[in-house]
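To start, the structure under review is shown below, and the notes come after it.
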Amino acid sequence: MYRLLIVDDEPDIVEGLLIYLKNAEDLELDIYTAYSGYEALSILSSSKIDILLTDILMPGMTGLELLEKVHASWPYCRVIFLTGHDEFEYVYKAIRYDVVSYILKTEGFEKVGEAVAKAAAQIENSLKISELAQKAEEYLRIALPFMQKEYMTDLIKGDGWSMENRRQQFDELKIPLDCNKPVFLLLGRIHDFDSNMMLHDKSKLQITLQNIMKQCFSQELKIFFTSTERHTYLWIIQPPCYEGNIANQLKGSAEAIQNICMDQLKAYISFIVDSDMVTWEDLPGRYEYLKNSLYTCMEPGTNVLLISQVPVKPNQAAGSPIETVIAYINSHIDEDISLAKLADLVYFNPSYLSRLFKQTTGINLLTYINKIRLEKAKKLLRETNMKIHEISSSVGYVSPSYFTQFFRKNVNMNPQEYRDLHRKL
Numbered sequence: 000m001y002r003l004l005i006v007d008d009e010p011d012i013v014e015g016l017l018i019y020l021k022n023a024e025d026l027e028l029d030i031y032t033a034y035s036g037y038e039a040l041s042i043l044s045s046s047k048i049d050i051l052l053t054d055i056l057m058p059g060m061t062g063l064e065l066l067e068k069v070h071a072s073w074p075y076c077r078v079i080f081l082t083g084h085d086e087f088e089y090v091y092k093a094i095r096y097d098v099v100s101y102i103l104k105t106e107g108f109e110k111v112g113e114a115v116a117k118a119a120a121q122i123e124n125s126l127k128i129s130e131l132a133q134k135a136e137e138y139l140r141i142a143l144p145f146m147q148k149e150y151m152t153d154l155i156k157g158d159g160w161s162m163e164n165r166r167q168q169f170d171e172l173k174i175p176l177d178c179n180k181p182v183f184l185l186l187g188r189i190h191d192f193d194s195n196m197m198l199h200d201k202s203k204l205q206i207t208l209q210n211i212m213k214q215c216f217s218q219e220l221k222i223f224f225t226s227t228e229r230h231t232y233l234w235i236i237q238p239p240c241y242e243g244n245i246a247n248q249l250k251g252s253a254e255a256i257q258n259i260c261m262d263q264l265k266a267y268i269s270f271i272v273d274s275d276m277v278t279w280e281d282l283p284g285r286y287e288y289l290k291n292s293l294y295t296c297m298e299p300g301t302n303v304l305l306i307s308q309v310p311v312k313p314n315q316a317a318g319s320p321i322e323t324v325i326a327y328i329n330s331h332i333d334e335d336i337s338l339a340k341l342a343d344l345v346y347f348n349p350s351y352l353s354r355l356f357k358q359t360t361g362i363n364l365l366t367y368i369n370k371i372r373l374e375k376a377k378k379l380l381r382e383t384n385m386k387i388h389e390i391s392s393s394v395g396y397v398s399p400s401y402f403t404q405f406f407r408k409n410v411n412m413n414p415q416e417y418r419d420l421h422r423k424l
């Protein structure tokens, strides 16, 4: 049922409209009447009116003036003006409002009934749209943490996002970090994790960790927290300023979380803290390094470690991960070099290492390995008297026939033909 207010300074018109609309079977209306704009305002001050049916030209206060006051209090109130032939100047001003329609007085009561029915339908439609919008907002509120996690997971995996896109996503997803400033990474791993734990219990554990985090971290820090693996949690942290030994402060906070988890949850959690800040562009590689360090270098109950304290594998060269990989390939070209072995060398997963190598060097990792094998094989064929099977072995091929196929594919001649050609020169 909708509330309708009829306003006109002519009582006969008000009474006639009241009787007609009350008897309209297809309209459910709670009808109020007023005989001036001021009387109408008195009713509007105490009751919400859905539809206002008013004369446009009345003494004291015109219908247009009444519209402006109604619109200020009830912007969604539908207004129907009753007008005469000589009042189009008023009509022209009124139609600026989306909620307004008008009817000539000469058109009769039936036309008025149609206009009221149309206004009621418009209100109904508006309510449905408003309800849908409210539901959409609620769904968005519920889904937001999952959308945040999905987007941050993409960033962690190294899926390319431009700075402009990242800024837009941070704003839309309400991620509480500055996409232009570097961050610290803190990773935690829960040991003796029950793989059969129900989803409800996993969610409860994550919420508990969030609550513990609020107790242990400075309120000045901007923090994004998420689970990245079944056993692993990631804190991406931005301090308000970059002075002081922030990494050690984070280490102290992580130790406090560790103690609370042991005392209250009986859960053993190891942490690794990056001693340096990382840009968003370098975050994927740094995350992989930290994660693999967490899994390979720390045992259950291990104290919180800064990344600078992580043991380095004996065969790992100094420098960037890609430099380490290149140095290893060059010095171990006589061995079977697998992507998994190289990834393990620098604590990356194989797919990320492959992608990072291509981004850094401009060529695929396998292409680079084959290039080094081929260059060494050519050099040995030109400068030594080693047998073909010996050269095959020295460049990492156990099978001479497979080495010959590889060589022919890349040089368009077999190894012996290449040797003979260059010795003639």
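When you line the sequence shown up against numbering that gives the first Met the number 0, it's residues 0 to 424, in that order.
Ideal Cβ placement from N, Cα and C applies to all residues, glycine included.
| Check | Outcome |
| --- | --- |
| Alpha carbon to alpha carbon, how far is F224 from K312? Give it in angstroms, no decimals. | For K312, the pLDDT reaches just 43, beneath the cut-off of 50, and the residue's location in the model is therefore unreliable, leaving the point undetermined. |
| Comparing C-alpha positions only, which one of I268, A132 and E280 sits nearest to V182? | E280 |
| Please check the pair I235 and L176, which I expect to be a contact at CB under 8 Å, by giving their CB distance rounded to whole angstroms. | 6 Å |
| Along the chain, where does the beta strand (DSSP E) containing L4 start, and where does it finish? | Y1 to V6 |
| Whole angstroms are fine: how far does the CA of L65 sit from the CA of V6? | 10 Å |
| Should R422 go down as buried or exposed, given a rule of 16 or more other Cβ atoms within 10 Å for buried? | exposed |
| Answer with buried or exposed for C260, where buried requires no fewer than 16 other C-beta atoms within 10 angstroms of its C-beta. | buried |
| Run through the stretch 362 to 388 for me and flag every whole beta strand (DSSP E) of 3 or more residues, listed as ranges in chain order. | none |
| Can you list, in chain order, the residues of its chain whose CB lies under 8 Å from that of N314, leaving out five sequence neighbours each side? | Residue confidence is low: N314 scores 44 on pLDDT, short of 50, so the model does not pin down where it sits. Its coordinate-derived value is still stated next. Once the five neighbours on either side are set aside, the close Cβ partners of N314 are Y327 and L344. |
| In whole angstroms, give me the CA-to-CA distance for Q358 and I321. | 10 Å |
| Indicate the three-state DSSP secondary structure (helix, strand or coil) for A266 in the structure shown. | coil |
| How should D54 be labelled, buried or exposed, when 16 other C-beta atoms within 10 angstroms of its C-beta is the threshold for buried? | buried |
| Identify which residue in S400, L40, Y288 and T152 has its Cα closest to the Cα of T227. | T152 |
| According to the neighbour-count rule (16 or more other Cβ atoms, all chains shown, within 10 Å of its Cβ), is C240 buried or exposed? | exposed |
| Return the CA-CA distance between P10 and A114, expressed in angstroms with no decimal places. | 21 Å |
| Using 8 Å as the threshold, is the C-beta distance between I211 and I141 below it? | no |
| How is the beta strand (DSSP E) around T82 delimited, first residue to last? | R77 to T82 |
| Hey, quick one: how far does the alpha helix (DSSP H) through L26 stretch, first residue to last? | L26 -> no alpha helix (DSSP H), and no H or E assigned at all. |
| Bridge partners of G187, per DSSP? | Y232 and F270 |
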